[in-house]
Amino acid sequence: MEGSKCTKGSNSKIDKNVTCLLSSIVLPYVLPNYLDGSKNEDRDGYDKLCKIAPSLDRFCGHEWSAGNSSIWQLVDCRKVNHAVSTALMDCFIKTFMSSRCCQERDNLPEFGSSVLSELSMIDPDLDVGKKLANPIELQKNIEARGLENINIQKLIQNEEIENVKVKARGLREQHDTVVKSLQDVHHEVNLMAFGLPNTLSLQTIQNEEIENVKVKARGLREQHDTVVKSLQDVHHEVNLMAFGLPNTLSLQTPVDNEEVLEVFGSTEIKQKKDNFSHIEVAEKTDLIKFSSVGDQAFYFTGEAAELQQHLLSYFSTRVVDQGFIPMKTPDFFKDFVIEGCGIHKEMTYLMHQPYVDQGIQYCVLGTSEASFAAYLTKMNISQKSLPLQLMSMGPSYSPMRKLLYPGLFSAAQTSKVNLLGVNSTSEESYSTFTELQQLILEMYKQLEIPLRLILVPAHKLKLSEEIRAELQIWTPSLQEYLSVYGEVLDTTRLIAVLLEHGSLDKKACYSLFPGMEIQSTTPPPADRQRERVTSFHPQDDIRRLMPEPQRVEFEVDVVQFLLTLAALGSRLWMLGHPRAVVFDELHFAKFALLYTKKIFFFDVHPPLGKLLLAVAGGFSGLEDNADFDHIGAGYSPTFPVYTMRLLPAVLGSLVVPLVYQIAVELRLSRWAALLAGLCVIFDNALLVQSRFMLMEGMLLFFMCLSLYSYLKFRNLAHRQFSVQWFFWLSLTGVSFTCNLSIKYVGFFTAALIMIQVAKDYWNLLGDVTKSDLCLVKHLFVRAFLLLTVPVLGYVFIFYIHLSLLTKAGPHDNIMTSAFQASLEGGLAALTKGQPLNVAYGSQITLRHTHSLSPGKPCWLHSHAHVYPIRYPDGRGSSHQQQVTCYVFKDINNWWIVKHPDRNLLVVDEPPKPVKHGDVVQLVHGITSRALNSHDVAAPLTPQNQEVTCYIDYNISMASQNLWKVEIVNRKSDDEAWQIINSHIRLHHLGTGQALKSTGKQLPDWGFFQLEVTTDRVTDQPATVWNVEEHRYTKIQDKEGQTRDIAHSEMIPTEPTRLSFWTKFLELQYKMFMAKGDVEMEHKYSSEPIQWPFLSKNVAYWMSPNNNQQIHLIGNPVVWYSAFLSVILYVGVFVFYLMRRQRACYDLSESDWSNFVFVGEILVGGYLLHYLPFFLTDRTLFLHSYLPCVIYKILAMAALTDHLYSLSKRISYIPSLLTIFVLGLVTCVVWAFYRLSPFTYGSISLRTEEILGLMWRDTWDFLIHATPSPPPQ
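In structure tokens form, the structure reads like this:
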């Protein structure tokens, strides 16, 4: 062992080149063969340890004697098993540290004199070093090992585990009580037996008292067994919690866990010779057998050993470079194995071994050395770091092939497999995975050793069946030999981990076997034979075998391609018909026209959809002289009807492939995705809404794109921060922007996805392998791309919108006076020449700044009429002069600003401006009565005070006509009150309430004008006013008046320049406050409760000459079956939930997780887009339900796919379900065809034909008054 590296080609039976490797492997197996774990005499353990000294000398390369080695100093004869185990573990570490074959490990920390002092444990029962008694010291110990990301306190205080521990402690106490009672009973029986007389009689033998005690003892034994069983179940529950593996599987992981036996070379049955020698064969094949470990164990030596060393070093290097992770076991299981290796023999009941009498051989299960390797290499041991996929490779025989290879190789059938973990599903990872696999295949092929390749789904690796399950996981072929073989040996896995930091020249490896060429995409050799071996889950369906390397460079999904063509064909056919205004084209086509004229307009929906229509119109030559004023009006011959309808039609067509891909990303079958695509194509409502200049086609496209992008991003969780990961996350954010910028209903899709993103990040926080910096990066990227980018995009779209619309138009009066004045030809043209500052004596009109009736601005108004003495509800009024808010310009809108201490109603010379905080009186210009308020309930809003113009009735009701001016948007406290720009509140000085327009319409006695009150809640938009028209009043001749006006400060004659943010925020407020200008009771309006049942249709267009007509009406077969599917999906979920509560697990964890996630997306999306409309106080139409239709169609596809996967358990059910689905699709197509005259409007139906299509009494189709011709 003095050389600096291993030499090559030694002929000795035990080559020193391989000793350093084998010593690390053999030591854990030496101990069980010399120690039986029993508590014998003190000298027994000492003697047995002396017997293995030569082996230790040979393996460890040290001179061992009683005087100079720490192994003897550690021996405590009273705890021989513990001491010897500890010593040999130290030997294991020192051997590794001093191995000359391995690279120097100077950078590793000192581990101390005992491995056990460094171990961290979860279960207190296995806490050998009692480290849990001092968690702070334990945390320091763990951090010293380089595992800073393990929070032991959080691990210990896991609430779920704590609950089980409490339960376990209770059961132990119950167990001890029962045992004590049982001992008392046995003691009682013994006393009775010793108390029997020498001369026995029949009466004494049949002593009833003894029989009663025996019965009591039997009952206590049964109770004891029950408690022990419960206690074992609790320990099993703790194990499951600690050893839970992620359920996310690679797409290429075989769901059937099928094993494939790869056999190279001849398969002829070899006859065993009489003089057959294992040693002879071993020398010829570079294999060596260690009889001390058992006849089943063979290791490589010579060139084979060096080749294996280099290969494994190369493998482990590539593993680290490519993101692979070696298989590791959690700390608790590591300690669990150590317990079984000779410590605390009385706790062997925890292991539930099928061969209790050989319990000490539990050490050779191969888990302890893996844990030590992870310990030495400072690897993190946690649930989240376990692999998503395992490639198990190694010399392991199929039980069915045992007769083919007798002798030496027959004994090797119990050799344990090797494990390499894959935590990535990218092409690069699989390429590396395949390359490593081919290297191992070539090595065993050259050695002519049959090789078993197993792909193990990670979710199968659980302690569900204790030891038996463990054996079946590692070597499933052993399930028939558990009673014969107790050892499952590992020859290569530990070496791969120990050489993790090694290096290898690929050519050096190949030079050992000339002519050996390995390509990552090499197909399996032609002489390779496969034999299927049933694993420990034989009930799983066989769907696929090992994933072969993918060599297809370009893939076309033929089904998706055909669906897209069908969608385009159905949407584009007769797109130019009718050449007339269809439903809301009246608005949206007109908006596109206003864009070309740069005329400002107001709409309650964001502008992106209208901008896209305007762009389409601009490219197709939209003329600015087009005019249409009602639904059904014909477009001019030059109006580009087809091209402007083309954009929403194409985007509406692309919804079909997006729905198909969403189903695929949700892990539904291609057939389920096809069903969803067909239902979208043949739904009449979705087709109609995407054929015209309407918003829903574009809205549904970006909604589906958002969902599809998120699912692609979520399915790339294994490739975090890759280019694809960033692309799909960015596209999700951009889709958010577009979706929200077309209609605000797009917010619900964004909310659905953001909830899922938040859940994903919450789960990410629980991954202790992620550093704090990594988690901060995840949070920042998600927040920036899914919050900041959509907000900035939304604002930018409005920036374009407001930049284009610079001229005054028909909707100006909806906006504030300042906004109107900022438009070319707007309010500035009307108020040209007015003085800027309001002064005492000014005549003004006060406009309600934020009108609660969009499209109907109003001005403070009064007239000579008074409030009625008594209202219809019996309340009385002040009978003073009415003050209202009037929606028209009128002479009664003028008021004079009066100084409270002066009686003059003219402007001073020079004018004295009114400033913030000044007290004024407002005198009505026509009636000369002052604005007043008092403690009398308002007519329509009794919680507010009445506002009047004071009439002196010579009664005990004094006037209260003082008002304090508050400039809301002031820049300083002494700012002057200006027209248009200054937003003011008028606070009633007597009550402190503010002047407010409630927006409620007075009855006929108030001439249907709007109510004005004062409100104690002053800080609200409804209390804000501004001066719109203004003039100075002076009692002078006209020449002097003209001179004064000419010298007064004038408002600009140019449009007022408002900042973008001012206009943007005002427009947002107006849009959110708008209720729409559609009457509340529309013939075709509907309630949300009616939508799922398709109770009402909406007439979009009718020909003036015949019965050609277009209606928004869904496909009843699609709508009813999809709605029923949503209900059934929820029902199935509740059923599974109740079953799981009863510990009946019908689905695997991965299937259950996917079922829940699909439900959250589809059922959650349906409810999120549907339920809010019940809270909406505006006129609603059927098209608001269309986003829900997409979600419920996908829910129907998901439910169908789930039922089909379940039905495979019964032979004839899948066929019946297939027939049912085909029948459903046939009905969908038939219903679509029958209603297509109302979809395309190309056929003029006769009256009786129209009546025949009224499948519901509530449907309302149109029929011309002219009689239909008689049938031929």
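Residues 1 to 1272 in the UniProt record's numbering are what the sequence shown spells out, letter by letter.
Note that beta-carbon positions come from the ideal geometry of N, C-alpha and C, so glycine has one too.
What do you get for residue i, buried or exposed, if any count of 16 or more other CB atoms within 10 angstroms of its CB means buried?
{"i": "L814", "result": "Looking at the sequence itself, residue 814 is Ile, so the reference to Leu does not match. Counting Cβ neighbours within 10 Å, I814 comes out buried, since at least 16 surround it."}
{"i": "I152", "result": "For I152, the pLDDT reaches just 49, beneath the cut-off of 50, and the residue's location in the model is therefore unreliable, leaving the point undetermined."}
{"i": "C885", "result": "buried"}
{"i": "F888", "result": "exposed"}
{"i": "W1255", "result": "exposed"}
{"i": "M574", "result": "exposed"}
{"i": "Q183", "result": "exposed"}
{"i": "A864", "result": "exposed"}
{"i": "L1162", "result": "buried"}
{"i": "P1003", "result": "exposed"}
{"i": "E1079", "result": "Only weak support is given to the placement of E1079: the predicted model assigns it a pLDDT of 47, under 50, and the value that follows is read from those uncertain coordinates. So E1079 counts as exposed."}
{"i": "D1201", "result": "buried"}
{"i": "Q960", "result": "buried"}
{"i": "Y1233", "result": "exposed"}
{"i": "G618", "result": "exposed"}
{"i": "L1067", "result": "buried"}
{"i": "D812", "result": "buried"}
{"i": "P326", "result": "Low local confidence applies: a pLDDT of 38 at P326 is under 50, so the model's placement there is unreliable, with the coordinate-based value given in what follows. Buried, by the Cβ-count rule."}
Tell me, to the nearest whole angstrom, how far the beta carbon of residue i is from that of residue j; I am working on the premise that it is less than 8 angstroms.
{"i": "H688", "j": "A633", "result": "This sequence places Val at residue 688; His is not what is there. Actually they do not touch by this definition, with Cβ atoms about 19 angstroms apart."}
{"i": "D584", "j": "V1189", "result": "D584 to V1189, Cβ: 18 angstroms. No contact."}
{"i": "K1070", "j": "F602", "result": "7 angstroms"}
{"i": "L666", "j": "V1158", "result": "5 angstroms"}
{"i": "I926", "j": "V838", "result": "About 19 angstroms separates the two Cβ atoms, so there is no contact after all."}
{"i": "L823", "j": "T806", "result": "7 angstroms"}
{"i": "S741", "j": "I662", "result": "The pair is not a contact, with the Cβ atoms about 22 angstroms apart (cut-off 8 angstroms)."}
{"i": "S878", "j": "E946", "result": "6 angstroms"}
{"i": "G826", "j": "Q820", "result": "4 angstroms"}
Cα-Cα, which of the options is closest to residue i?
{"i": "Y794", "options": "Y1129, H605, N715, L729", "result": "H605"}
{"i": "T845", "options": "V897, L563, Y799, W963", "result": "V897"}
{"i": "N893", "options": "H848, I1219, R870", "result": "H848"}
{"i": "R985", "options": "R929, T991, L995, W977", "result": "L995"}
{"i": "E1160", "options": "L711, S1244, I869", "result": "L711"}
{"i": "I967", "options": "S181, V919, F588", "result": "V919"}
{"i": "D973", "options": "I1250, G917, S1205, P1088", "result": "G917"}
{"i": "R670", "options": "A567, L563, I753", "result": "L563"}
{"i": "L785", "options": "L731, N944, N981, H630", "result": "L731"}
{"i": "L586", "options": "V1130, F628, P578", "result": "F628"}
{"i": "Y1136", "options": "L1124, F1123, S1153, V558", "result": "S1153"}
{"i": "G809", "options": "T991, S817, L594, L752", "result": "L594"}
{"i": "D873", "options": "A818, P939, K180", "result": "P939"}
{"i": "S570", "options": "N1097, E1149, V680", "result": "V680"}
Is there contact here, the region 1178-1195 with the region 1159-1170, by at least three beta-carbon pairs under 8 angstroms? yes
Just list the beta strand (DSSP E) runs in the region 1148-1193, keeping only unbroken ones of 3 residues or longer that don't cross its boundaries, in chain order. none
Evaluate contact between the region 749-769 and the region 1013-1022, counting only Cβ atoms and requiring at least three cross-stretch pairs below 8 angstroms. no
Pairing CB atoms from the region 721-739 with CB atoms from the region 1209-1219, are three or more of them under 8 angstroms? no
Within the chosen definition, does the region 1006-1021 reach the region 865-885 through at least 3 CB pairs nearer than 8 angstroms? yes
For the structure I just gave you, are there three or more beta carbon pairs, one from the region 1088-1103 and one from the region 1113-1122, closer than 8 angstroms? yes
For the pair the region 770-786 and the region 644-658, tell me if three or more CB-CB distances fall below 8 angstroms. no
Those runs of the alpha helix (DSSP H) which lie wholly inside the region 781-819 and span at least 4 residues: 789-804
When you compare the region 1192-1202 with the region 693-700, are there three or more beta-carbon pairs, one atom per stretch, that lie closer than 8 angstroms? no
Given 8 angstroms, three or more beta-carbon pairs between the region 1082-1090 and the region 1056-1066: no
Along the chain, which unbroken stretches of the alpha helix (DSSP H) at least 4 residues long are found entirely within the region 671-700? 684-689
What ranges does the beta strand (DSSP E) occupy inside the region 1107-1151, keeping only unbroken runs of at least 3 residues that lie completely in it? 1109-1112
What are the uninterrupted segments assigned as alpha helix (DSSP H) that are 4 or more residues long and contained completely in the region 1190-1242, given in chain order? 1213-1240
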